[in-house]
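Protein chains in written order, with this note's numbering: chain A, 254 to 523; chain B, 20 to 318.
Report on the following structure.
Shown next, in the form of structure tokens:
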């Protein structure tokens, strides 16, 4: 009895989680006519017409390129800074740790709108609007809390003896961090990297403000602003959405365990 | 050596944090203060020649009389209450299910994560398409081939609001589930065993053991979801643009519109200051509710 109930709920949950996206994926493989048919066509003819048109007419490749550049640079910079700060906050004797961790937590909860105007003005005065660094800098700021919390929690779990042994053997602080601690915290750092990448890949609000020129816009902005001449280009939107989502879904299926542990480490363990 | 070991460790430690602190202070804390400064000025982005005129609290007085602002505030609170409520409820159910041991659990967990991982923009377009007036799935489910009854859901104030709530609940219930799952995982098995030996029913085990023990996790999930629901933007921007008749206008979207669509940098900043103080107050309340546990562990 209990087994049946579990099976049914699992079924409903999986179905509910995947169905809306599968429907969009389905739509992306239809033809213009199949999209507008009632009753809806369940099995599309597998046309790649919309993919071709979103690459050719809507320069999807540009958006993908911009997203890759912004998301991977953000991941790289945030990760480097998080390793430094996370190590320091979890393993070294410094003051005001609680205060620093606390204010990082506050930053992660800031509504974007409360900093949007000033950030825009700063970028404007630096002439960084419509540049990659103009978007990467706010992204780094907003992903640092997540990065630092996760790396700190993973560094904290490493046994102290290893560090002590390294010190006794004459390792300096830098050497201890890079030669001994970093490799051991590798899995945690990788986890942080996945989460930061997903954040930067998906972010829309700042991308919309800072990237107003089509040539530098990222995928979410592109997908949000696709316009047809008379009707909504649903096929192209669905195709571009699939292109934007598939890499993330692959990450999720491969690294499900890491993502779950990372999210709960960032939020609960501290 | 001029410095003692501990002093050198402190120097090193502080040096490692400085870059992070620089980013956060320059691009997060300073902007908050700068917003407050801007909110006391009149700045028109469309007329940069006018410069910025200091107007004291005029913008705040205007905000006080602004019906749309009031409406957006009410909408935001309603949205937060509805979405977080449903998300915690569904999150709890999902967490209980994926906490059970069964074959293929890893795949199920990954599937549950998919809505969370999808870009919000994609989720918004997806739901906008599902609610589409001509060939949306919702219309087909309700009216079948009876095309003449098809409704423009997103053009109706009530249903449009419902649609963004549904889309948000779909998108983020799994995040709540993960936080609750982490709470479930730290309950030791022998607690349940002892309860079973004492003859407690499954329901009793759930209400007397599980719920009290995951209360901290539930509260943290509630805190994170509330803060996140407060800044809802993508769904509104894409699905409804705040319409029809401001029925789905929320504070973050209204502030964005004032600042960047209408170019009222000063007045828009007033809205951002309001949003900041609202979220700040709410998070303080939550953190007091959760107790010092979260912070104490940190120190």
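Virtual Cβ for every residue (Gly too), placed ideally from N, Cα, C.
- When Cβ-Cβ separations below 9 Å define contact, residue 365 of chain A makes contact with chain B.
- For residue 94 of chain B and residue 269 of chain B, the gap between their C-alpha atoms comes out near 6 Å.
- Your pair residue 201 of chain B and residue 236 of chain B checks out as a contact, with CB atoms roughly 6 Å apart and the cut at 8 Å.
- Interface criterion not met: the Cβ of residue 308 of chain B is under 9 Å from no Cβ in chain A.
- Take the alpha-carbon of residue 362 of chain A and the one of residue 255 of chain A: they are about 40 Å apart.
- Burial check for residue 296 of chain B: the Cβ neighbour count within 10 Å stays below 16, so the residue is exposed.
- Counted as a single uninterrupted DSSP element, the alpha helix (DSSP H) harbouring residue 287 of chain A occupies residues 285 to 288.
- The Cβ of residue 164 of chain B sits closer than 9 Å to at least one Cβ of chain A.
- Residue 370 of chain A reaches chain B at 54, 57, 278, 284, 287, 288, 291, counting residues in chain order whose Cβ is nearer than 7 Å.
- Residues are counted here when their Cβ sits less than 9 Å from a Cβ of chain A; for the segment 127 to 146 of chain B these are 127, 128, 129, 130, 131, 132, 133, 134, 135, 136, 137, 138, 139, 140, 141, 142, 143, 144, 145, 146, given in chain order.
- DSSP places residue 274 of chain B inside the alpha helix (DSSP H), whose first and last residues are 270 to 275.
- Inclusion of residue 39 of chain B and residue 338 of chain A in the CB contact set at 9 Å is warranted, their separation being smaller than that value.
- Per the coordinates, the alpha-carbon of residue 274 of chain A lies some 13 Å from the alpha-carbon of residue 501 of chain A.
- With a minimum length of 4 residues, there is no unbroken run of alpha helix (DSSP H) contained wholly in the segment 387 to 412 of chain A.
- For a Cβ distance threshold of 7 Å, nothing in chain B lies close to residue 467 of chain A: the least Cβ distance comes to about 16 Å.
- Within the same chain, and ignoring the five residues on either side of residue 98 of chain B in sequence, the residues whose Cβ sits closer than 8 Å to its Cβ are 180, 183, 184, 187, 248, 251, 269.
- Annotated as distal: residue 292 of chain A and residue 155 of chain B, with beta-carbon spacing of 9 Å or more.
- Residue 182 of chain B has a beta carbon lying at 9 Å or more from every beta carbon in chain A.
- Within 10 angstroms of the beta-carbon of residue 253 of chain B lie 16 or more other beta-carbons, which makes it buried.
- For residue 484 of chain A, no alpha helix (DSSP H) run applies, since DSSP gives it neither H nor E.
- Runs of the alpha helix (DSSP H) lying entirely within the segment 294 to 341 of chain A, each at least 4 residues long, are 302 to 309 in chain order.
- As the crow flies, the alpha-carbon of residue 342 of chain A is around 27 Å from that of residue 241 of chain B.
- The C-alpha of residue 245 of chain B lies about 29 Å from the C-alpha of residue 76 of chain B.
- Using a Cβ-Cβ cut-off of 9 Å, residue 374 of chain A counts as an interface residue toward chain B, since at least one Cβ of chain B sits closer than that to its own.
- Residue 250 of chain B carries a coil assignment under DSSP once its states are collapsed to helix, strand and coil.
- Here the segment 46 to 65 of chain B lies against the segment 355 to 371 of chain A, with 3 or more beta-carbon pairs under 8 Å apart.
- The beta carbon of residue 509 of chain A sits closer than 9 Å to some beta carbon of chain B.
- Counting other Cβ atoms within 10 Å of its Cβ, residue 84 of chain B stays below 16 and is therefore classed as exposed.
- Taking C-beta atoms as the reference points, residue 404 of chain A and residue 445 of chain A count as a pair closer than 9 Å.
- The way I'd put it, the segment 132 to 141 of chain B does touch the segment 467 to 478 of chain A; three or more beta-carbon pairs between them come closer than 8 Å.
- The beta carbons of residue 451 of chain A and residue 131 of chain B sit no closer together than 9 Å.
- Residue contact with chain B for residue 303 of chain A: absent (no Cβ-Cβ distance below 9 Å to any residue of chain B).
- Using a Cβ-Cβ cut-off of 7 Å, residue 246 of chain B is close to 362 of chain A, given in chain order.
- Neighbourhood of residue 455 of chain A in chain B, by CB distance below 7 Å: 138, 139, in chain order.
- DSSP places residue 72 of chain B within a strand segment (E or B) once states are collapsed to three.
- Ranking A:282, A:268, A:358, A:371 by CA distance to the CA of residue 64 of chain B puts A:371 first.
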